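Protein chains: 2
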Amino acid sequence: MFELDLRSRKPIYEQLIDKMKELIINEVLKPDEQLPSVRQLAQQLTINPNTIQKAYRELELQGFIYSQKGKGSFVNPISPGKDNEKIEQVKQELEKLLLEALYLGVQADELHALIKDLDASKGGGK
Amino acid sequence: MFELDLRSRKPIYEQLIDKMKELIINEVLKPDEQLPSVRQLAQQLTINPNTIQKAYRELELQGFIYSQKGKGSFVNPISPGKDNEKIEQVKQELEKLLLEALYLGVQADELHALIKDLDASKGGGK
DNA sequence: TAACTGTATTAATAATAATAGTACACTTAG
DNA sequence: CTAAGTGTACTATTATTATTAATACAGTTA
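These protein sequences, in sequence, are chains S and L.
Per this note's numbering: the first sequence = residues -2 to 123.
Per this note's numbering: the second sequence = residues -2 to 123.
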């Protein structure tokens, strides 16, 4: 389910966070679906449970998952209009990247087309 | 010219890279304009010259600046159609962020509007 | 020549990432 | 209730990376 690059300069727990976010955003992991447990995933990836926990803690902070003692960790269903801070943050990052793309010569038309495609395939599996 | 957060978890040299890219992309720093020297900027920010050098080296690798022994470091004018790898990389990051925005409920229309604004103000100062 | 530039190297320290081991509280199936 | 699973917390240790420090060298320019 996960592929890690142990020799990357990017910390393992950050790679985990990115992969998880990707799976959640692409709805491979559905709302309220249970994630692999800290120990189970650690064994599967042959890394330390503490590293998994660090990733899960961060994902919970960012609002992507929720955890319950004794039960497990689950995908957090988005509550519209609730994550205003997060949305603003993402918009800011987007603005920076969009400016960079335009600076590099990417045409606005191409960006519009990209959005259109992504929006169309939203929720539609892949 | 630069504001650093020394107690941030983000390394100083990465903060420097981000600030520089921002200034270059927003054309506050013009093509072929000379950047502050390694030692000068280090003294101004009261950090080590090696840290500045590390940032400059990375910026050069990423194609944003070029450096010449004995002369200085300068903003690299973009050469259209040359930075294909970089463009692809930025597009990939963009796709991830756009998906996240859509997942959080941001409307496609809003994204289109954002691009339109950014594209319109391109090169027009701020 | 003198005073700038970038660049390279080595060493030491500070900060962070990752592992290891243990413990506790909670949930659930038996 | 018990056993085995869950998340969570904590301390300690090691490995990796970031940062500083001090030089040194090569090129440029007034």
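Just so you know, even glycine gets a beta-carbon here, dropped at the ideal spot from N, CA and C.
Note that the structure is predicted; figures quoted are calculated from it, not measured.
Is the shortest distance between the beta-carbon of residue i and the beta-carbons of chain S less than 9 Å?
i                      : result
residue 119 of chain L : yes
residue 103 of chain L : yes
residue 80 of chain L  : yes
residue 9 of chain L   : no
Rounded to a whole number of angstroms, what is the C-alpha to C-alpha distance between residue i and residue j?
i                      : j                      : result
residue 21 of chain S  : residue 80 of chain S  : 16 Å
residue 57 of chain S  : residue 96 of chain L  : 19 Å
residue 101 of chain S : residue 60 of chain L  : 11 Å
residue 7 of chain L   : residue 1 of chain L   : 10 Å
residue 99 of chain S  : residue 27 of chain S  : 34 Å
residue 90 of chain L  : residue 65 of chain S  : 32 Å
residue 10 of chain S  : residue 49 of chain L  : 28 Å
residue 54 of chain L  : residue 18 of chain L  : 13 Å
residue 200 of chain L : residue 87 of chain S  : A query on residue 200 of chain L cannot be resolved here, the shown segment of chain L reaching from -2 to 123 and no further.
residue 93 of chain L  : residue 23 of chain S  : 10 Å
residue 12 of chain L  : residue 46 of chain L  : 15 Å
residue 39 of chain L  : residue 116 of chain S : 45 Å
residue 109 of chain S : residue 109 of chain L : 6 Å
residue 63 of chain S  : residue 44 of chain S  : 22 Å
residue 31 of chain S  : residue 105 of chain L : 30 Å
residue 127 of chain S : residue 37 of chain S  : Chain S is shown only over -2 to 123; residue 127 of chain S falls outside these bounds and no answer can be derived.
residue 120 of chain L : residue 112 of chain S : 23 Å
residue 70 of chain S  : residue 42 of chain S  : 18 Å
residue -1 of chain S  : residue 83 of chain L  : 26 Å
residue 85 of chain L  : residue 15 of chain S  : 19 Å
With a threshold of 9 Å between beta carbons, is residue i in contact with chain L?
i                      : result
residue 26 of chain S  : no
residue 88 of chain S  : yes
residue 18 of chain S  : yes
residue 0 of chain S   : no
residue 92 of chain S  : yes
residue 75 of chain S  : yes
residue 123 of chain S : In this predicted model, residue 123 of chain S has a pLDDT of only 45, less than 50, meaning its place in the structure is not dependable enough to derive any value.
residue 14 of chain S  : no
Applying a beta-carbon distance threshold of less than 8 Å, which residues of chain S neighbour residue i?
i                     : result
residue 83 of chain L : 101
Find the residues of chain S that neighbour residue i, judging by a C-beta separation of less than 7 Å, and give them in chain order.
i                      : result
residue 22 of chain L  : 96, 97 and 100
residue 116 of chain L : 99 and 105
Could you work out which residues of chain L lie near residue i, taking near to mean beta carbons separated by less than 7 Å?
i                      : result
residue 112 of chain S : 95, 105, 108 and 109
Identify every residue that forms a DSSP beta bridge with residue i.
i                     : result
residue 72 of chain L : L/62
residue 31 of chain L : L/71
* For the segment 2 to 52 of chain S, list the alpha helix (DSSP H) runs that are entirely contained and at least 4 residues long, ordered along the chain. => 9 to 22 and 35 to 42
* **Sequence ranges, alpha helix (DSSP H) only - wholly within the segment 78 to 118 of chain L, length at least 4** => 81 to 100 and 105 to 117
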